[in-house]
Amino acid sequence: MPPTLLHIDTSPRPTSTTRRVTAEFAASWRAANESGTHLHRDLATTPVPHINAEQIAVTQRIESTGLRDLAEARAAARTPAERETWSTTWKLVDELLAADTIVLGLPMHNFSLPATFKAWLDRVLIPPLVVDPETGTGPLAGKQVVVVTARGGAYGPGTPRHGYDFQEPYLRAALGMVALADDLSFLHAELTKSAYVPRLAGFQRLAAESLKEALEGARKHAQRVHL
Ligand SMILES: Cc1cc2nc3c(=O)[nH]c(=O)nc-3n(C[C@H](O)[C@H](O)[C@H](O)COP(=O)(O)O)c2cc1C
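Take the sequence shown: its position 103, counting from 1, is numbered 102 in numbering that gives the first Met the number 0, and each next residue is one higher.
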């Protein structure tokens with residue numbers, strides 16, 4: 000079966016750093032997987048609706064019965080409003096299930112993730128996808144996940160803002176809940192503000208190195224062979 004790449008971008012900026020790195024990843028992946036399917040979801044131009052009462056009502060129904068079977072869960076929505084909102088949810092969940100590789104472009108917004116991505120996460124992290132405590136695994140296990148971030152500043156050890164990165168620890172926890180953290184890599188392009196903030200101009204060389212490393216990492220991770 001030819002592999003599928005799910006490629007999600009979230010930056011509102013068409014010329015963004017994360018878009019540049021995820022595009023590099025996607026191009027390398029396509030070159031390595033010529034018969035594969037490249038599915039691109041742009042949450043900036045096409046945001047997914049926030050969850051609503053009907054989404055939560057069905058989630059609670061599934062949780063209250065301990066239902067784990069995906070086919071049975073698909074029948075849990077009862078009212079027209081529940082079915083309508085869950086048709087959006089299942090479309091997004093089916094994209095995740097179909098993917099062998101997932102690349103996420105996530106600019107740092109206020110130390111964390113773009114709100115559009117949080118809205119997507121709130122839709123897709125549904126109970127039947129959560130790791131089963133009895134088996135220690137779940138339906139999304141085995142996928143390669145690569146997270147590309149871009150930050151105006153720097154967050155590595157020794158920097159003044161070390162400890163303010165709420166992207167990587169949060170994603171490790173949230174994706175780990177649904178077995179998407181077993182093969183999870185991060186590529187951080189930092190100090191992007193040095194390009195236009197005069198007091199950060201002295202960091203432009205470091206920013207260029209950080210971007211180069213992220214682009215190289217994207218090519219390397221994308222060229223992994225899928226058997
Ligand atoms: C709303 C908003 C919030 C931001 N918050 C932070 C932040 O907390 N820390 C930081 O280092 N940069 C912050 N930035 C800068 C971006 O992370 C930086 O411009 C990055 O390159 C954006 O990624 P993109 O080029 O893919 O859009 C923020 C930018 C925006 C628009």
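Ideal placement from N, C-alpha and C gives every residue a C-beta, glycine not left out.
- How should Q59 be labelled, buried or exposed, when 16 other C-beta atoms within 10 angstroms of its C-beta is the threshold for buried? Taking a 10 Å sphere around the C-beta of Q59, we find fewer than 16 other C-beta atoms and assign the residue as exposed.
- When DSSP builds the beta bridges, which residues end up paired with S184? Per DSSP, V145.
- Message: Looking at A188: is its Cβ nearer than 9 Å to the Cβ of A206?
- Response: Cβ atoms of A188 and A206: closer than 9 Å.
- With contact counted as at least three CB pairs below 8 Å, one residue from each stretch, are the segment 135-149 and the segment 90-104 in contact? Contact holds: three or more Cβ-Cβ distances are below 8 Å.
- Query: How would you write the range of the alpha helix (DSSP H) that R18 sits in, first residue to last?
  - Reply: Per DSSP, the unbroken alpha helix (DSSP H) holding R18 starts and ends at 16-31.
- Query: Within 10 angstroms of its Cβ, does T64 collect 16 or more other Cβ (buried), or is it exposed?
  - Reply: Label assigned to T64: exposed.
- Taking the runs of the alpha helix (DSSP H) that are 4 residues or longer, which of them lie wholly in the segment 112-177? The segment 112-177 contains these whole alpha helix (DSSP H) runs: 114-123, 167-176.
- Message: Given 8 Å as the limit, tell me if K192 has its C-beta closer than that to any heavy atom belonging to ligand 1.
- Response: Within the cutoff, so yes.
- Between the C-alpha atoms of Q240 and M0, what's the straight-line distance to the nearest angstrom? What is shown of the chain runs 0 to 226, which leaves residue 240 out entirely.
- Message: For E53 and V129, I'd like the C-alpha separation in whole angstroms.
- Response: Going by the C-alpha atoms only, they are around 20 Å apart.
- Message: Are the CB atoms of R67 and P127 within a distance shorter than 9 Å?
- Response: Against a cut-off of 9 Å, the Cβ pair of R67 and P127 comes out as a contact.
- V196 by DSSP, collapsed to three states: which one? Residue state, collapsed to three classes: coil.
- Item | Close-in-space but distant-in-sequence residues of the same chain around W119 (CB under 7 Å, 5 per side omitted) | The beta carbon of W119 is closer than 7 Å to those of L42, V47, L91 in its chain, skipping five residues each way along the sequence.
- Residue environment, R19, which counts as buried when at least 16 other CB atoms sit within 10 Å: Flag for R19 reads buried.
- Straight-line CA distance for S27 to L112? Taking the straight line from one Cα to the other gives about 25 Å.
- Rounded to whole angstroms, what's the CA-CA distance from V227 to P197? Just pull it up for me. Within the shown structure, residues of the chain are numbered from 0 to 226, placing residue 227 beyond reach of any answer.
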